[in-house]
């Protein structure tokens, strides 16, 4: 079982609630986040990696939203 902070971060990568076109953008980030948690030991660098991946995912999803409004 992952550390509670890691579990909290993983929740941020869920994408099932998003519209299909945003799920396509978000899915790969969620898959990578889970792969990192499955592969790496708990520690501060894993937390930083997940936070930076989350920031990147959020940027990509925002861009996809903006692209849809054009």
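In the working numbering, the protein residues as written are 2 to 71. Glycine included, each C-beta is placed from N, C-alpha and C at the ideal position. Quick caveat, the model's predicted, so the values are computed rather than measured.
Give a yes or no on whether the minimum CB-CB distance between residue 34 and chain B is below 9 angstroms. Looking at the structure shown, chain B is missing, and only one protein chain is on hand.
Excluding the 5 residues flanking residue 62 on each side, which residues of the same chain have their C-beta closer than 8 angstroms to its C-beta? Working through the chain shown from its first residue, we reach residue 62 at position 61. Excluding positions up to five away in sequence, the list reads 19, 23, 26, 27.
Check this for me: beta carbons of residue 17 and residue 58, under 9 angstroms apart or not? To locate residue 17, count along the chain shown from 1; it is residue 16. To locate residue 58, count along the chain shown from 1; it is residue 57. Not closer than 9 angstroms, so no.
DSSP state of residue 81 mapped onto helix, strand, coil: The chain is shown only over 2 to 71; residue 81 falls outside these bounds and no answer can be derived.
Please report the distance separating the alpha-carbon of residue 8 from that of residue 67. As a working mapping, residue 8 is identified with position 7 in the chain shown. As a working mapping, residue 67 is identified with position 66 in the chain shown. About 29 angstroms.
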